[in-house]
Amino acid sequence: MSLDFAPRPGAAPMPRMVAAQTLMETRLLLRNGEQLLLALVIPLLLLVAGTEATRIVDLGPGRPIDIITPGVLALAILSSSFTSLAIATGFERRYGVIKRLGTTPLPRWGLLVGKIGSVLLVQAVQLTVLCLVALWLGWEPAGGAASYGWMVVLALLGTAAFAGLALLLAGTLRAEATLAIANLVYVLLLVGGAVLVPLDRYPEAAQTFLQLLPSGALSEGMRTVFEGGALPTSSVVVLVVWAAVASIATARTFKWE
Amino acid sequence: MDFPAVEVAGLVMRYGDATAVDGLSLTVDPGTVTAVLGPNGAGKTTTIETCEGYRTPQEGKVRVLGLDPVRDAARLRPRVGVMLQSGGAWSASYPHEMLRYVSRLYANPLDVDALVERLGLGGVGRTPYRRLSGGQQQRLALATALVGRPELVFLDEPTAGLDPQARRATWELVDELRASGVTVVLTTHFMDEAERLADWVHVLDHGRLIASGTPKGLTSEGAENTLRLTGPPGIDVSGLLTALPEGTQVVEQAPGTYLVSGTIDPPLLQSVTTWCVDQGILLDGIAVRRRTLEDVFLDLTGRELRS
Numbered sequence: 009m010s011l012d013f014a015p016r017p018g019a020a021p022m023p024r025m026v027a028a029q030t031l032m033e034t035r036l037l038l039r040n041g042e043q044l045l046l047a048l049v050i051p052l053l054l055l056v057a058g059t060e061a062t063r064i065v066d067l068g069p070g071r072p073i074d075i076i077t078p079g080v081l082a083l084a085i086l087s088s089s090f091t092s093l094a095i096a097t098g099f100e101r102r103y104g105v106i107k108r109l110g111t112t113p114l115p116r117w118g119l120l121v122g123k124i125g126s127v128l129l130v131q132a133v134q135l136t137v138l139c140l141v142a143l144w145l146g147w148e149p150a151g152g153a154a155s156y157g158w159m160v161v162l163a164l165l166g167t168a169a170f171a172g173l174a175l176l177l178a179g180t181l182r183a184e185a186t187l188a189i190a191n192l193v194y195v196l197l198l199v200g201g202a203v204l205v206p207l208d209r210y211p212e213a214a215q216t217f218l219q220l221l222p223s224g225a226l227s228e229g230m231r232t233v234f235e236g237g238a239l240p241t242s243s244v245v246v247l248v249v250w251a252a253v254a255s256i257a258t259a260r261t262f263k264w265e
Numbered sequence: 014m015d016f017p018a019v020e021v022a023g024l025v026m027r028y029g030d031a032t033a034v035d036g037l038s039l040t041v042d043p044g045t046v047t048a049v050l051g052p053n054g055a056g057k058t059t060t061i062e063t064c065e066g067y068r069t070p071q072e073g074k075v076r077v078l079g080l081d082p083v084r085d086a087a088r089l090r091p092r093v094g095v096m097l098q099s100g101g102a103w104s105a106s107y108p109h110e111m112l113r114y115v116s117r118l119y120a121n122p123l124d125v126d127a128l129v130e131r132l133g134l135g136g137v138g139r140t141p142y143r144r145l146s147g148g149q150q151q152r153l154a155l156a157t158a159l160v161g162r163p164e165l166v167f168l169d170e171p172t173a174g175l176d177p178q179a180r181r182a183t184w185e186l187v188d189e190l191r192a193s194g195v196t197v198v199l200t201t202h203f204m205d206e207a208e209r210l211a212d213w214v215h216v217l218d219h220g221r222l223i224a225s226g227t228p229k230g231l232t233s234e235g236a237e238n239t240l241r242l243t244g245p246p247g248i249d250v251s252g253l254l255t256a257l258p259e260g261t262q263v264v265e266q267a268p269g270t271y272l273v274s275g276t277i278d279p280p281l282l283q284s285v286t287t288w289c290v291d292q293g294i295l296l297d298g299i300a301v302r303r304r305t306l307e308d309v310f311l312d313l314t315g316r317e318l319r320s
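Residue numbers (our numbering), protein chains in the order written: chain D, 9 to 265; chain A, 14 to 320.
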C-alpha cells in the first residue's frame with residue numbers, strides 16, 4: 009500500500025466528528041474495569057441486596073424491591089454522568105489528550121457533546137439491564153409505560169446536572185484530586201444523599217436540604233414516577249438549576265491543559 | 014502562496030520572571046523543511062506552541078498560512094498537523110484505534126492501515142498506549158499529525174527517544190513529505206538531524222534567533238574547513254608553509270598532530286602530500302574536517318549545543 013501525503017486538508021462533517029468522539033469515549037469507558045464496577049456491578053449488587061434490605065435499613069412501608077429499584081436507577085445515572093465522566097476527563101487533561109484534540113478540527117463543544125453522548129449510551133445500557141433484572145427479581149412498578157418515559161426525562165435532566173458538576177471538578181483540579189473527590193462524592197451520596205433510602209426516612213431537618221441536592225431530586229423523582237405519579241416539578245426545577253449553575257461555572261473555569 | 018507558511022515577528026513570551034522567547038522573528042517558506050534548532054530551554058517549544066495556537070503572543074505577531082493561530086483557529090485546524098512532544102493519546106487506547114478515531118475527524122484522511130504499517134506500528138496490535146515504548150508513542154504521535162493530510166505540520170522533537178533505525182525511517186518520511194509538497198517545521202537539538210533534513214535552519218538560543226540559513230550556508234560561513242594531519246612529531250612546519258598558498262596556517266597542536274587551516278581544496282591536499290614525499294615523511298593520517306552546525310553553535314555561543 010502506498011501513501012500519498014500530498015495535502016488534501018479538510019474537516020469531516022460535524023455529525024461524523026461527534027459520532028467518532030462518542031464512540032471512542034464509549035469504547036474507552038467500557039474497557040475500564042473500575043468504571044464498569046461503578047456503572048453496573050455495584051448497582052446490580054445493591055438491587056439484589058435491596059430485596060433483603062429491610063433487615064439492615066428501614067426503607068419504610070412497601071416491598072423492598074419496589075422502593076430500592078428507583079434509587080438504584082438514580083445511582084446508576086450518578087455513576088456514569090458524574091463519577092466516570094469526572095475521572096475520565098481529569099485523566100484526559102493530565103495525559104494531554106484534550107490538548108492534542110485542541111488542534112484537530114473537532115471543536116471543543118463537539119468534544120463535550122461526544123462525552124455526553126457516550127454517557128447517554130452507557131446509561132441506555134445501564135437502565136435497560138437494571139430494569140430487566142429488577143423486573144426479574146419481582147419489581148412491580150406502577151404507572152405503566154409513562155413511568156419509563158419519565159425515567160428517560162429524569163435521566164437526561166440528571167445527566168445535565170451531574171455532567172456539569174463532573175466537568176467543573178475535572179476542569180479545575182488535578183487528575184488525582186478529581187479521582188478521589190469523584191469517588192468520595194459517589195459514596196457519600198450513595199449513603200447519605202437520599203439516593204437509595206427514601207427522603208421521608210431521613211430526619212425532618214435534613215429533608216429540605218437533601219431535596220435540594222441533585223441526588224435527592226433525581227432519586228425522589230424516580231420514586232415518584234414509578235409509584236405512578238407524574239414527573240414532580242420540584243425535581244425538575246432543582247436539576248435544571250444545578251445544570252445551569254454547573255454549566256456556567258464550568259464554562260468560566262475549565263482549563264483545557 | 015505569496016506569503017510565508019509561518020511568520021513570527023517580534024514574538025515575546027514570558028513565564029513569570031523568565032523570558033522564554035525574546036523578540037524572535039523568523040519565517041518559513043511554503044513547501045520547505047525548516048528546522049528550529051537549539052539547546053533545551055532555547056524557546057523552541059514555546060515558539061512552536063504559539064504557532065499552533067496554544068498560546069497568545071504577549072508581544073509581536075504570529076501568522077500561520079496567513080492566518081492568526083488563535084483568532085482563526087477553526088480555519089487552521091483542518092490544514093495544520095501537530096505532533097506534540099509527549100502525550101496526546103488515551104492511556105487505554107490501542108494505536109490503531111486511536112489513529113482510526115483521529116482519521117474520522119478529517120475529510121480526506123490517509124489510509125490508516127497503510128500508515129500504521131509505514132510507521133512500524135503494525136506489530137503493536139492490542140497493546141494499550143501506556144505500555145508502548147517511548148519510540149512507539151513518538152511514531153503514533155507522528156502518525157496522528159499526518160493522518161488528516163495537512164499542508165503544514167509542526168513536529169516537536171520528532172526523533173527524541175528513537176533508536177537509530179527508527180530515526181532514519183522518520184527522516185525518510187520527512188523527505189517524502191517535502192516531495193509531496195507538505196511544509197514541515199520541526200524542532201530538534203540534534204545537529205545532524207537539522208543538517209540532514211532541513212532546507213533552512215533557524216538557530217535559537219535564550220529565546221533569540223542567533224543564526225539562520227541553509228545548513229550548507231551556515232557551515233561554510235565565516236571559518237573555513239581544516240585539515241588534520243598525524244605523523245612523526247617535529248615536522249618542519251615553516252618549511253611546509255612555504256609550499257602552501259598564502260593565507261594558509263599550520264600549527265602542531267600536539268606532538269605529531271598538525272592542523273592546517275585555510276581554503277582546503279584538492280590542490281592544497283596535493284601540495285601537502287607532495288611536500289611530504291619530497292621530505293620523505295610518512296603521514297599516519299590525513300583528514301579533512303568539515304565545519305558542522307555543532308561548530309557554528311559553539312562559535313556563536315561559546316557553549317556546546319547538548320550541554
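Beta carbons are placed, not taken as given, at the ideal position from N, Cα and C, and that holds for glycine.
- Assign A/SER116 to one of two classes, buried (16 or more other C-beta atoms within 10 Å of its C-beta) or exposed (fewer than that). buried
- With DSSP as the reference, label A/TYR28 as helix, strand or coil. strand
- Using the beta-carbon of each residue, which ones in chain A are nearer than 9 angstroms to D/VAL121? Going along chain A, no residue has its Cβ under 9 angstroms from D/VAL121, so there is no contact; the nearest lies around 14 angstroms.
- Item | Host alpha helix (DSSP H) of A/GLU265 (start-end) | It is not in any alpha helix (DSSP H) - A/GLU265 instead sits in the beta strand (DSSP E) that spans 262-267.
- Nearest-angstrom Cβ-Cβ length linking D/PRO206 and D/ILE50, presumed shorter than 8 angstroms: Actually they do not touch by this definition, with Cβ atoms about 19 angstroms apart.
- Message: Please confirm whether D/VAL127 has its beta-carbon closer than 8 angstroms to some beta-carbon of chain A.
- Response: no
- Query: Can you tell me whether DSSP reads A/ILE294 as helix, strand or coil?
  - Reply: coil
- Message: Using C-beta distances below 6 angstroms, list every residue in its chain close to A/ALA156, excluding the 5 sequence neighbours before and after it, in chain order.
- Response: LEU112, LEU128, LEU132
- Figure out for me which residue from A/GLN150, A/ILE277, A/GLN266, A/VAL197 has the closest Cα to the Cα of A/GLY44. A/VAL197
- Who are D/PHE234's beta bridge partners in DSSP? Note: D/PHE234 sits in no beta bridge, so no partner.
- Query: Are the C-beta of A/ASP124 and some C-beta of chain D separated by less than 8 angstroms?
  - Reply: yes
- Item | Close Cβ partners of A/GLY101 (< 8 angstroms) along its chain, the five nearest in sequence each way excluded | ALA154, THR157
- Task: Pull out every residue of the region 189-204 of chain A whose Cβ sits closer than 7 angstroms to any Cβ of chain D, in chain order.
- Result: GLU189, LEU190, SER193, GLY194, VAL195
- Query: Does D/LEU11 get closer than 8 angstroms to chain A when you measure Cβ to Cβ?
  - Reply: yes
- Roughly how many whole angstroms lie between the Cα atoms of A/MET96 and D/GLY104? 12 angstroms
- Report the residue from D/LEU221, D/PRO17, D/GLY229 whose alpha carbon sits nearest the alpha carbon of D/VAL273. Nothing in the structure corresponds to residue 273 of chain D, since chain D is present only between 9 and 265.
- Supposed close pair D/ALA132, D/THR77 - CB separation, criterion 8 angstroms: Wrong, their Cβ atoms sit about 17 angstroms apart, outside the cutoff.
- Top-ranked residue by Cα proximity to A/VAL216, from A/ILE294, A/VAL25, A/THR40: A/THR40
- Beta-carbon contacts of A/PRO122 that lie in its chain and below 7 angstroms, excluding the five residues immediately before and after: SER116, VAL160, GLY161, ARG162
- Message: Within 10 Å of its beta-carbon, does D/ILE256 have 16 or more other beta-carbons around it, so buried, or fewer, so exposed?
- Response: exposed
- Item | Residues of the region 81-108 of chain D with Cβ closer than 8 angstroms to any Cβ of chain A, in chain order | PHE99, GLU100, TYR103, GLY104, VAL105, LYS107, ARG108
- Task: Would you mind sorting A/ARG302 into buried or exposed? The rule is 16 or more other CB atoms within 10 Å of its CB.
- Result: exposed
- Message: Does the structure place the region 187-197 of chain A close enough to the region 44-59 of chain A that three or more beta carbon pairs sit under 8 angstroms?
- Response: yes
- So, do the region 200-208 of chain A and the region 259-267 of chain A have three or more beta carbon pairs nearer to each other than 8 angstroms? no
- Backbone CA spacing between A/LEU175 and A/ALA87 [nearest angstrom]: 33 angstroms
- Query: Quick one, are the C-beta atoms of A/ALA120 and D/ALA19 less than 8 angstroms apart?
  - Reply: yes
- Boundaries (first-last residue) of the beta strand (DSSP E) holding A/ASP218: 213-218
- Item | Residue nearest to D/ASP12 in terms of C-alpha spacing, selected from A/THR58, A/LEU134, A/ASP188, A/LEU37 | A/ASP188
- Task: Mind checking which residues open and close the alpha helix (DSSP H) that includes A/TYR271?
- Result: Run containing A/TYR271: none in the alpha helix (DSSP H); it sits in the beta strand (DSSP E), 270-274.
- Query: Is it buried or exposed for A/ASP322, if we count other Cβ within 10 angstroms and need 16 for buried?
  - Reply: Since the displayed chain A opens at 14 and closes at 320, residue 322 of chain A lies outside it and no answer follows.
- Item | Three-way DSSP call (helix, strand, coil) for A/ASP278 in this model | coil
- Message: Could you tell me the alpha carbon to alpha carbon distance between D/ARG35 and D/VAL130, rounded to whole angstroms?
- Response: 10 angstroms
- Does the beta carbon of A/ARG131 come closer than 8 angstroms to any beta carbon on chain D? yes
- Query: Can you name, in chain order, every residue of its own chain whose Cβ lies under 6 angstroms from the Cβ of A/MET26, other than the five neighbours on each side?
  - Reply: ALA33, VAL34, THR59, GLN71
- Message: One question on the structure: do D/LEU128 and D/LEU119 come within less than 8 angstroms of each other, judged by their Cβ atoms?
- Response: no
- Determine the direct distance from the alpha carbon of A/TYR271 to that of A/GLU265, and round the result to whole angstroms. 4 angstroms
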